[in-house]
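Novice: Residue numbers for the sequence shown follow the numbering used here, so the first one is 9 and each next one is one higher. Every residue, glycine too, gets a C-beta built ideally from N, C-alpha and C.
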Amino acid sequence: MIGIRIFSDNYFQASQVATSSSTAGTSYSSSHTATTPELEATLQMLSSHRTVLGVLLLSRASPPAIIRHSGVVFEGEQGRKYAKAVGRIVDACKTGLDDIDGETSDDLKFMRIRTKRHELMISPDERFLLVVLHDPTAV
Numbered sequence: 009m010i011g012i013r014i015f016s017d018n019y020f021q022a023s024q025v026a027t028s029s030s031t032a033g034t035s036y037s038s039s040h041t042a043t044t045p046e047l048e049a050t051l052q053m054l055s056s057h058r059t060v061l062g063v064l065l066l067s068r069a070s071p072p073a074i075i076r077h078s079g080v081v082f083e084g085e086q087g088r089k090y091a092k093a094v095g096r097i098v099d100a101c102k103t104g105l106d107d108i109d110g111e112t113s114d115d116l117k118f119m120r121i122r123t124k125r126h127e128l129m130i131s132p133d134e135r136f137l138l139v140v141l142h143d144p145t146a147v
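1) Between the stretch 85-96 and the stretch 52-70, do at least 3 Cβ pairs fall closer than 8 Å?
2) Quick check on E83: does DSSP put it in helix, strand or coil?
3) Output the distance between the C-alpha atoms of D106 and T123, rounded to the nearest integer angstrom.
4) Spatial neighbours of P132 within its chain, please: C-beta separation below 6 Å, excluding the five flanking residues on both sides.
5) Using only the alpha-carbon positions, how far apart do S67 and S78 sit?
6) Taking a contact to mean a Cβ-Cβ separation below 9 Å, would you say G95 touches S70 in this structure?
7) Which one of R125, C101 and V139 has the shortest CA to CA distance from D114?
8) Spell out the partners DSSP gives E127 in its beta bridges.
9) Candidates I74, P144, T44 and V147: which alpha carbon is nearest L138's?
10) Closest to V119 by CA distance: which of L54, L141 and P72 is it?
11) Identify whether V98 lies in helix, strand or coil by the three-state DSSP scheme.
12) Take T145 as the anchor and find which of E134, G110, H126 and P45 has the nearest alpha-carbon.
13) Determine the closest residue to V147 out of M53, P45 and R58, with distance taken between C-alpha atoms.
Right, here's the structure in full:
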């Protein structure tokens, strides 16, 4: 599973969280995919951070399916648009890395995309994509 740790108001670092078969209930909208208590706690912590506008947990399917989401910005059609766009961005970056590295098969671990208004932090895993949208000006 994927996790993100908050070290300060505007600095996030991707980290791996151990997987298990148990689930924990939260206020997230979700499909019926089992997640670990550690992941649920991490998602809850992220979504409660004052600069975070929303959190998406996506499958690695093509197109990515929304497993969990929080934040109004990821509701309904807007959430599906973000999921599709993030899937394309990650696939394009992975293809670019494969073109550059050739046989070494380097893995994409974490990426940040900053616009004038927002910052997307994306942490891909073998099974999931974790996306955090936050307002960097609200620090």
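Specialist: Quick answer:
1) yes
2) Here residue 83 refers to the residue found at position 75 of the sequence shown. Reduced to three states, the DSSP call for E83 is coil.
3) What you label residue 106 is simply residue 98 of the sequence shown in a count that begins at 1. What you label residue 123 is simply residue 115 of the sequence shown in a count that begins at 1. Between D106 and T123, the C-alpha separation is close to 26 Å.
4) Within the sequence shown, the letter at position 124 stands for residue 132. Closer than 6 Å at Cβ, skipping near neighbours: V98 and L116.
5) Residue mapping note: residue 67 aligns to position 59 of the sequence shown, counting from 1. Residue mapping note: residue 78 aligns to position 70 of the sequence shown, counting from 1. Looking at the two C-alpha atoms, the distance is approximately 16 Å.
6) Here residue 95 refers to the residue found at position 87 when the sequence shown is read from its first residue. Here residue 70 refers to the residue found at position 62 when the sequence shown is read from its first residue. Result yes, Cβ atoms of G95 and S70 sit closer than 9 Å.
7) Mapped onto the sequence shown, residue 114 falls at position 106. Closest option to D114, Cα to Cα, is C101.
8) Mapped onto the sequence shown, residue 127 falls at position 119. Beta-bridge pairing links E127 to R122 and H142.
9) As a working mapping, residue 138 is identified with position 130 in the sequence shown. Comparing Cα-Cα distances from L138 to each of I74, P144, T44 and V147, the minimum goes to I74.
10) For this step, residue 119 is matched to residue 111 along the sequence shown. A quick correction: the sequence has Met, not Val, at residue 119. Nearest of L54, L141 and P72 to M119, Cα basis: L141.
11) Locating residue 98 in the sequence shown gives position 90, counting from the first residue. Of the three classes helix, strand and coil, the one that applies to V98 here is helix, per DSSP.
12) The residue labelled residue 145 in the question sits at position 137 within the sequence shown. Answer by Cα proximity: H126.
13) What you label residue 147 is simply residue 139 of the sequence shown in a count that begins at 1. The residue with the shortest Cα to Cα distance from V147 is R58.
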